[in-house]
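Accompanying notes for the structure given below.
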Amino acid sequence: MKRPKVGGIFLATCVGSLFMIILYFQNITRPADQFGGKDLGPGKTGRSPLQTLYNGDQSDMSAVQTSLRGRREHLEEACLAHTRKRRVLTPEDLRHLIVDDKHGLLYCYVPKVACTNWKRVLMVLTGDGRYRDPLAIPANEAHVAGNLRTLSEYSTAEINRRLRSYLKFVFVREPFERLVSAYRNKFTRSYNTAFHKRYGTKIISRHRPDPQPAALERGDDVSFEEFVHYLVDPRTQREEPFNEHWERVHSLCHPCLIHYDVVGKYETLEQDSSSVLRLAGAEGEVRFPATGKGTRTNGDMAAQFFRNVSPFYQKKLYNLYRMDFLLFNYSNPEYLKFR
Ligand SMILES: *[C@@H]1O[C@H](CO)[C@@H](O)[C@H](O)[C@H]1NC(C)=O
Numbered sequence: 001m002k003r004p005k006v007g008g009i010f011l012a013t014c015v016g017s018l019f020m021i022i023l024y025f026q027n028i029t030r031p032a033d034q035f036g037g038k039d040l041g042p043g044k045t046g047r048s049p050l051q052t053l054y055n056g057d058q059s060d061m062s063a064v065q066t067s068l069r070g071r072r073e074h075l076e077e078a079c080l081a082h083t084r085k086r087r088v089l090t091p092e093d094l095r096h097l098i099v100d101d102k103h104g105l106l107y108c109y110v111p112k113v114a115c116t117n118w119k120r121v122l123m124v125l126t127g128d129g130r131y132r133d134p135l136a137i138p139a140n141e142a143h144v145a146g147n148l149r150t151l152s153e154y155s156t157a158e159i160n161r162r163l164r165s166y167l168k169f170v171f172v173r174e175p176f177e178r179l180v181s182a183y184r185n186k187f188t189r190s191y192n193t194a195f196h197k198r199y200g201t202k203i204i205s206r207h208r209p210d211p212q213p214a215a216l217e218r219g220d221d222v223s224f225e226e227f228v229h230y231l232v233d234p235r236t237q238r239e240e241p242f243n244e245h246w247e248r249v250h251s252l253c254h255p256c257l258i259h260y261d262v263v264g265k266y267e268t269l270e271q272d273s274s275s276v277l278r279l280a281g282a283e284g285e286v287r288f289p290a291t292g293k294g295t296r297t298n299g300d301m302a303a304q305f306f307r308n309v310s311p312f313y314q315k316k317l318y319n320l321y322r323m324d325f326l327l328f329n330y331s332n333p334e335y336l337k338f339r
């Protein structure tokens, strides 16, 4: 008779439970209950950012707070309507959440949505006086892994505690403007040779009929249309996850599993950023840097880029980014040619 493999089963269970760490006890009830009004969270007022957000005097709730609440409610409803089973978060899912223990903040960074400036601001906030002016921090330094801590680095208990009690925020942007912005930045700037080599060469070899040898070698003249073909090609995501610059916010930040307290928008960046800093009690420590509007990708610019994309591919691309449109209440761009 075969000996039952108890040892094996035991081992499998252990390994299994390590990976299925629960991580998920965030409740939807609000922190008022958790703090019971006694806990002195971070912030100068002795109130945590969450208390400030949720226990605000209803009667003088500002227009900004009303709009933030509207976005939260929209997100919650859209998640219920468009996602199926809830699953458990793993540490891998939390690599984009930056932690500020001093102010009780969790920020999910989304490339092409002012994330360099938000990382700079968080370096000032967590830097113990090392930095004062966010803009004095070079952009490349803001992106060095290790300058800021991410939630995935903590133990399960530490992760759960922060998910429960910190102010969680994310900044989003109209999905196709973000995508065009990523394309312009990574494929039309001559200095981005790493992206040309890594992605451009592959895109040209797969999606350009009869490419010139020089183009194949350099990968530096990818058209927006070719980029779109690459994105909707099923092989692309089968081979590896999308690069974070064009990965969907839904996949980077898990907005249906992590209940964000503030959904900031790029379209109202200045206003929403000050709201977050005010809630964090950090207004006096740092100002969110003002950005020039000159070269920002906007809807008109996105429309130009989509002119050469056929309705068939527009539709496929829309389906790919559909969740980001739905969850964050962005309507179908007018310039799209399918209905
Ligand atoms: C969603 O978008 C529409 C149209 O842009 C707007 O009127 C509405 O207020 C938005 N809803 C929320 C909850 O933000």
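Position 163 of the sequence shown, counting from 1, maps to 163 under this note's numbering, and the rest follow consecutively.
Every residue gets a Cβ at the ideal spot worked out from N, C-alpha and C, and that includes glycine.
Note down the Cα distance separating R69 from C253, rounded to an integer number of angstroms.
19 Å
Relative to the C-alpha of E76, which residue among D261, P49, F305 is closest?
D261
Relative to the C-alpha of A379, which residue among V110, C256, V121 is closest?
Outside the shown range of the chain (1 to 339) lies residue 379, about which nothing can therefore be said.
Closer than 6 Å by C-beta to P311: which residues in its own chain qualify, once you throw out the five before and the five after it? Chain order, please.
K337, F338
If I measure Cβ to Cβ from L94 and keep anything under 6 Å in the same chain, skipping five residues before and after, which residues do I get?
Here the set comprises L151, S152.
Use the C-beta contact count for P49: other C-beta atoms within 10 angstroms, 16 or more gives buried, fewer gives exposed.
With 16 or more Cβ atoms within 10 Å of its Cβ, P49 is classed as buried.
Comparing C-alpha positions only, which one of V170, G127, S274 sits nearest to R149?
Each of V170, G127, S274 was checked against the Cα of R149, and the nearest Cα belongs to G127.
Please indicate yes or no: does the CB of N329 lie closer than 7 Å to some heavy atom of ligand 1?
yes
What does DSSP give as the partner residue(s) for R149 in the beta ladder?
V99
What three-state label does DSSP hand Y318 in the structure shown?
DSSP places Y318 in helix when its eight states are reduced to three.
Would DSSP call G219 helix, strand or coil?
coil
Counting only runs that start and end within the region 265 to 338, where is the beta strand (DSSP E) found for 3 or more residues in a row?
Qualifying beta strand (DSSP E) stretches: none in this window.
Is it buried or exposed, V88, if we count other Cβ atoms within 10 angstroms and call 16 or more buried?
exposed
Please determine whether the Cβ atom of H229 lies at a distance below 7 Å from any heavy atom of ligand 2.
As far as ligands go, the structure on display features ligand 1 and does not contain ligand 2.
Rounding to the nearest angstrom, what Cα-Cα distance links L53 and V276 in this structure?
9 Å
Note down, in chain order, each residue of its chain lying with its Cβ closer than 7 Å to the Cβ of K315, except the 5 sequence neighbours on either side.
F338
Under the three-state reduction of DSSP, which class applies to F227: helix, strand or coil?
Here F227 sits in helix by DSSP.
So, are the CB atoms of V172 and V121 less than 8 Å apart?
no
Could you give the DSSP three-state label for L257: helix, strand or coil?
coil
Can you find a heavy atom of ligand 1 that lies under 7 Å from the Cβ of R71?
yes
Decide if the region 294 to 309 is in contact with the region 202 to 221; the criterion is three or more beta carbon pairs, one per stretch, under 8 Å apart.
No, the region 294 to 309 does not touch the region 202 to 221.
Can you give me the C-alpha to C-alpha distance between D100 and A215, rounded to a whole angstrom?
One C-alpha to the other measures close to 44 Å.
Along the chain, which unbroken stretches of the beta strand (DSSP E) at least 3 residues long are found entirely within the region 70 to 134?
Counting only runs of 3 or more, we get 97 to 100, 105 to 108.
Decide yes or no for the touch test of the region 153 to 169 against the region 102 to 118: beta carbon pairs closer than 8 Å, at least 3 of them.
Yes: at least three Cβ pairs fall under 8 Å.
Which partner residues does F187 have in the DSSP bridge list?
According to DSSP, F187 bridges with nothing at all.
Under 7 Å: does the beta carbon of H82 sit that close to some heavy atom of ligand 1?
Flag unset: Cβ of H82 not near ligand 1.
Excluding the 5 residues preceding and the 5 following A303 in the sequence, name in chain order all residues of the same chain whose CB lies nearer than 6 Å to its CB.
Y335
Going straight from the alpha carbon of F176 to that of T66, what length do you get?
26 Å
Alpha carbons only, please: which of V249, E267, V263 is nearest the one belonging to R322?
V249
R235 versus Y266 - alpha carbon distance
31 Å
According to DSSP, is V144 part of a helix, a strand, or is it coil?
Reduced to three states, the DSSP call for V144 is coil.
E74: beta carbon under 7 Å from a heavy atom of ligand 1?
Residue identity check: residue 74 is His in the sequence provided, not Glu. Within the cutoff, so yes.
Spatially closest choice to N140 from T90, S62, K119, D324, by CA coordinates:
Nearest neighbour of N140 by Cα position, chosen from T90, S62, K119, D324, turns out to be K119.
Distance, Cα to Cα, S155 vs I98?
15 Å
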